[in-house]
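A.B. asks:
Chains as they are written, first to last, in our numbering: chain A, 269 to 492; chain B, 75 to 647; chain C, 3 to 194.
1. So if I threshold CB-CB distances at 7 angstroms, which residues from the segment 255-281 of chain B count as touching chain C?
2. Should residue 424/A and residue 430/A be called a contact, given that it needs their Cβ atoms to be closer than 8 angstroms?
3. Against chain A, with Cβ distances strictly below 8 angstroms, would residue 410/B count as a contact?
4. Can you list, in chain order, the residues of its chain with a C-beta nearer than 8 angstroms to that of residue 179/C? Leave out the 5 residues immediately preceding and following it.
5. Do we get a CB-CB distance below 8 angstroms when we pair residue 197/C with the residues of chain B?
6. Any Cβ of chain C within less than 8 angstroms of the Cβ of residue 197/B?
7. Taking C-alpha atoms, which residue in 335/A, 384/A, 378/A and 320/A lies nearest to residue 433/B?
8. Taking 8 angstroms as the CB-CB cut-off, is residue 332/A touching chain B?
9. Under DSSP, the beta strand (DSSP E) around residue 396/A begins and ends at which residues?
10. Is the number of C-beta pairs between the segment 311-319 of chain B and the segment 237-245 of chain B that are closer than 8 angstroms three or more?
11. Please classify residue 66/C as buried or exposed, where buried requires at least 16 other C-beta atoms within 10 Å of its C-beta.
12. Should residue 381/A go down as buried or exposed, given a rule of 16 or more other Cβ atoms within 10 Å for buried?
13. In this structure, what does DSSP give as the bridge partners for residue 442/A?
14. Are residue 278/B and residue 512/B close, meaning C-beta to C-beta below 8 angstroms?
15. Quick one, which residues of the segment 112-138 of chain C are near chain B if we go by CB-CB under 7 angstroms, in chain order?
16. What is the DSSP secondary structure of residue 455/A, reduced to helix, strand or coil?
17. Indicate the three-state DSSP secondary structure (helix, strand or coil) for residue 433/A in the structure shown.
18. Rounded to whole angstroms, what is the Cα-Cα separation between residue 169/C and residue 304/B?
19. For residue 374/A, which three-state DSSP category applies?
20. Reducing DSSP to helix, strand and coil, say where residue 149/B ends up.
21. Using a Cβ-Cβ cutoff of less than 7 angstroms, which residues in the same chain neighbour residue 391/B once the five nearest sequence positions on both sides are dropped?
22. List the residues of chain B that residue 283/A touches, going by C-beta distances under 9 angstroms, in chain order.
23. Pull up the distance between the alpha-carbon of residue 630/B and that of residue 364/B, whole angstroms please.
24. Counting contacts by CB-CB distance shorter than 8 angstroms, is residue 610/B in contact with chain C?
25. Look up residue 563/B in the DSSP assignment and say whether it is helix, strand or coil.
26. Express the C-alpha separation of residue 536/B and residue 431/B in angstroms, rounding to a whole number.
27. Closer than 8 angstroms, CB to CB, is residue 3/C near chain B or not?
28. Is the CB of residue 437/B under 8 angstroms away from at least one CB in chain A?
29. Hey, is the segment 157-174 of chain B in contact with the segment 209-222 of chain B, meaning 3+ C-beta pairs nearer than 8 angstroms?
30. Just to make sure I have the definition right: I need the residues of chain A whose C-beta is within less than 8 angstroms of the C-beta of residue 592/B. Which are they?
31. Give a yes or no on whether the minimum CB-CB distance between residue 58/C and chain B is below 8 angstroms.
32. Against chain A, which members of the segment 133-167 of chain B pass a CB distance test of less than 7 angstroms?
33. From 448/A, 373/A, 300/A and 360/A, pick the residue whose C-alpha is nearest to that of residue 475/A; which is it?
34. Going by the beta-carbon positions, is the gap between residue 445/B and residue 495/B smaller than 8 angstroms?
35. Which bits of chain B does residue 15/C rub up against, with CB to CB less than 8 angstroms?
36. Which of the three DSSP states, helix, strand or coil, is assigned to residue 592/B?
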């Protein structure tokens, strides 16, 4: 089902490819191990008159059946670690220059989004506050400042492949660059009480014109 | 010191038989200090709790497959009740099923028998540990019925949600839950002392370290691991309890506290904990495999050393549960490395177990089916863990059903398959009768096949972005469509089928206990010491002057110098 | 109900007597509990220099007296062990009695100390420093109480010439309780 989930951010494809990469390596080992396992059960099933072999496992050529796979697993792990760290670094350890900054505030049980408004600056008079609807423009890099008013929440946008926990008393900064227009789910990814399941929001990724139009109409209508 | 010990020996050790034929039922069964009875007490309490935990799963899976339904045997599931159900299902299965059955029940029953001792070294502390455990079960069950209902903050109990009744709306339930968990920890600390000291000191003459059956080693290593990892969490739990009841601010950011601190304390224990339950299950599997493949374990020392290595490494991986929790992102890289590293000793253990089959003469008895299925299914759990240990991928997978399916593919083999494997194997020894093998196989297939159809759909749902701990997906249009519901329903219906087949097990237990074929001392033709005494063993395990001496290792199957394909440890020459 | 001690208890494959082995494992688990709590406290304290104000109100001289009391009680405990080694149960019981007296003094002094602090407004909720203070010292005090009770049972048995080997065992535990205090005292009282 991952195949059908849109890749709507610049790093979504990287994460998907990492998952695929791991899947291939792990898949090979899995089918190999299960295959050998079932083959051995069949081949050495009890047959009348045949006694089991007394294998001590000390001879080198016998031990190699363990030590060689052991070394290969280690090598595979190294490849996976390198691939994972690269993706992690890109998403979590660096912050590209933002075109815009938004604030995402979680509370029991709704998401409040603070958009910078026409002046593209947060915490000014023309900021647009919405509950449950985040509006962003495609191909623009956003920083989000993630906060919580009460308990732990987590800002999750599956089509971005993005997730970050929100901690009360802190403001955590992350980034994304949307690449596809559309309207998608935003979920809370940390249990936050009985309303955890209703804490849904929608992200509206809009092209430049639609987004500008939204800013104008929202500014006109909004009360801070 | 030696003098005093010898004195004690002279004064106090006489036959066990003298004390007990005039004991009433209460002293003999309820207040027993006999390790076998205490083991049974843990077993039945654990199995009872498993039924409760399974019932909870039934209720919440019905809600997920058919949202809003009035679940037969429960009623409509409110969001608060849903949270309480998943919280207590998880807590029960780990703390009140896996641990008591795998470690306390089988550890208690098997360790003295397998090392040729007449009981644990501290029988009264043993009894106390069960009593504390029983109390913890009562407190937990009580927590479900108080005002506000059972605690609904997930088994991980993260503050501030868990620290403040206004946030979780289950204030009393939360405190009782936390108290129950704390008591359970104390019970296992007490029990652990017995297992460790007994194994270290009370072995039969001639039993060197490498003559000890691996299941005993595993249970003891698990006890040590538990002991060394639970301390900080116990301290943290006291702090959380004070936050809940005294309004302290240990985890309140507004008062200089840190919610992330709890996470570190919890997972510093939580990760070793999964190996605390895994190692005994592997020990059980390995012992059963040796018996029914009629083969020496491919690398006894390798299994032992990788178990210790896994235990040590397990202290350094915990923050992979917290990759996106707000920890310093640079730390995540360290934990990705250690987490992927820990897959190496476990893989090695699995390779050794697979290699043991080579050259064997494999009998597919019911216990062997369970042992083999443990390996086949745990492998799925193990490989899916790699996706989660890789930080970059975990950004997407964290808190989705992918995680849930991963840990059920590890926990189910550990707690359920491991239990059935051990139970069907040692039933003849515990009750003196054979279980019906046909019913056993029906139960086996009726459990394993549906199990996979529960959790493979959940992997798929997780990959599609479905998050955990949500009672109804109606608010998320992208995962509320019919294909998603079909997967949820497939999982739920498979669960119903699997639960139905457990009736076969209970029927088999009762019928076999009452009318099963008499087992004799050693129905499986196995080597370890427990098979050298009566089934069930008498109080004291062997007649006082017939405690066994050990002459060889535990897995001398298929030895070329013997005509028989097994060579019990206690036979001279 | 009297239970025959199992043969298992008398074996010693490691050469170390079983009760001593057991108490060391108990101490290992306690070290991790207290180590965890104190480690957490230390991290918080370093990250919150402003707690120095609250911390300045702990009564160092009372803490020092209690340290002396506990150390003395450890000393009488050592003497009790020596007496037990010589087989002198009555002497051992007497010295254990002094140790328990020391524990009681410790607890009484602490009660006085906490009463004055609570009346002055320094309660467990007034500040997170005080939360740690009462939790850590309280957990320690619980271990003092538990230790004193068990020591009482051992002393009664010793007086009757029975189970003299347990004097050493409760002694090891008591020294541990003392060592925890040796860490607590500087962390809570001296480091301001």
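Cβ atoms here follow ideal geometry from the backbone N, Cα and C, with glycine treated the same way.
C.D. replies: In short, the structure shows the following:
1. 263, 267, 270, 271, 272, 274, 275, 276 and 277
2. yes
3. yes
4. 72, 142, 145, 146 and 149
5. The question about residue 197/C has no answer, for chain C in this structure spans 3 to 194.
6. yes
7. 320/A
8. no
9. 396-399
10. yes
11. exposed
12. buried
13. 412/A
14. no
15. 126, 127, 130, 133 and 137
16. strand
17. strand
18. 29 angstroms
19. strand
20. strand
21. 345, 409, 412, 413 and 416
22. 466, 467, 469 and 470
23. 9 angstroms
24. no
25. helix
26. 35 angstroms
27. Reliability fails at residue 3/C, whose pLDDT of 37 lies under 50, so the model's placement of it is uncertain and no value is given.
28. yes
29. yes
30. By Cβ distance, chain A contributes nothing, its closest Cβ being about 24 angstroms from residue 592/B, past 8 angstroms.
31. no
32. 153, 154 and 157
33. 448/A
34. yes
35. 274, 275, 276, 277 and 281
36. strand
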